[in-house]
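In the working numbering, the protein residues as written are 56 to 311.
Backbone N, C-alpha and C fix where the C-beta goes; we use that ideal spot for every residue, glycine too.
Owing to the predicted nature of the structure, the values given are computational and were not obtained by experimental measurement.
Note sheet for the following structure.
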Ligand code: CO8
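Dropping the structure here:
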């Protein structure tokens, strides 16, 4: 499929997806969200993709938020619909995607941009990154899951302060409080993301899909039950046989 606002490069089972609206600092407009939604639907079925890396084009911005110009004249019902539709078709889809999604944050990650990074399974940032939820400066609150995901990552008190003040975190501060996993120089960002992705791609994709499901269930009441069911399910899979046999035969596993 052709995408207007995404550049997709697939190498060694890793899809590097560059959000490409540099003139608007890669702000999420309707078309870009639609491209992302279609990409994730296709990538789910694509056996050539085991890991996805999301980044922004240019060296200034990952994503500077939802496209403000697109919703500035919306009323309550259109605003609510925009948030609900975006959450279902992109943000929740990414969080529940059965293959790991790494956000490589190469600059501003603001509003919907930070929400996109938080919906991803892992975040690494370049030293110049700035992360924040400035929606209250527009008379809004985060609408793509930010009020739910930020407190889980950095704690309720810090999330309240960040959302009320609209302050941006530096990359270093974001790492200190657990908002990003690692910080690297900008020129190293994609290499580092690829390195992590390559390591993941060598492991059992069946097991990783179940790990995502179980870890996501830790937010819900039945998390332990999901882990038990997923754990049991994996005993019937070829990867379990290959992984344990490889260990016993003292060789590296070859997961299909
Ligand atoms: N939407 C639309 N256009 C944008 C956005 C955006 N979020 N961010 C930047 N742009 C555009 C600018 O308008 C400008 O375009 P032009 O050249 O045509 O004037 C271009 O990108 C470059 O931006 P700047 O000139 O402003 O660049 P600076 O380096 O001076 O500043 C900043 C960079 C600090 C990132 C600044 O652009 C900024 O503050 N941007 C807005 C950040 C923001 O408030 N983001 C949150 C948006 S709201 C949101 O994400 C809500 C999510 C939930 C929605 C749920 C559904 C309702």
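Proximity test, residue i beta-carbon vs the ligand CO8 heavy atom, cut-off 8 Å
| i | result |
| --- | --- |
| residue 116 | yes |
| residue 190 | yes |
| residue 64 | no |
| residue 198 | yes |
| residue 167 | yes |
| residue 122 | yes |
| residue 91 | no |
| residue 48 | Because the chain in this structure spans residues 56 to 311, residue 48 falls outside the shown range and cannot be described. |
Inter-residue spacing [alpha-carbon to alpha-carbon] between residue i and residue j
| i | j | result |
| --- | --- | --- |
| residue 290 | residue 270 | 18 Å |
| residue 212 | residue 311 | 45 Å |
| residue 61 | residue 75 | 5 Å |
| residue 105 | residue 268 | 16 Å |
| residue 294 | residue 258 | 9 Å |
| residue 63 | residue 81 | 15 Å |
| residue 101 | residue 94 | 10 Å |
| residue 77 | residue 264 | 33 Å |
| residue 282 | residue 177 | 20 Å |
| residue 260 | residue 287 | 16 Å |
| residue 284 | residue 278 | 10 Å |
| residue 113 | residue 305 | 45 Å |
Supposed contact pair residue j and residue i - C-beta distance, whole angstroms, cut 8 Å
| i | j | result |
| --- | --- | --- |
| residue 126 | residue 120 | No, residue 126 and residue 120 are not in contact; Cβ-Cβ is about 11 Å, not under 8 Å. |
| residue 162 | residue 89 | That pair is no contact at about 23 Å. |
| residue 107 | residue 70 | 5 Å |
| residue 229 | residue 158 | Going by Cβ atoms, the distance from residue 229 to residue 158 rounds to 12 Å, so no, they are not a contact pair. |
| residue 204 | residue 174 | 7 Å |
Secondary structure of residue i, DSSP reduced to three states
| i | result |
| --- | --- |
| residue 207 | helix |
| residue 229 | helix |
| residue 102 | coil |
| residue 265 | helix |
| residue 133 | helix |
| residue 160 | strand |
| residue 110 | strand |
| residue 196 | coil |
| residue 239 | strand |
| residue 181 | strand |
| residue 186 | strand |
| residue 88 | helix |
Quiz item: Does the region 176–190 come within contact of the region 228–243, defined as at least 3 CB pairs closer than 8 Å?
Solution: yes
Quiz prompt | Any 3 or more C-beta pairs closer than 8 Å across the region 139–152 and the region 241–255 | solution = no
Practice problem: Determine contact between the region 197–210 and the region 156–172, defined as no fewer than three beta-carbon pairs at a distance below 8 Å. | Solution: yes
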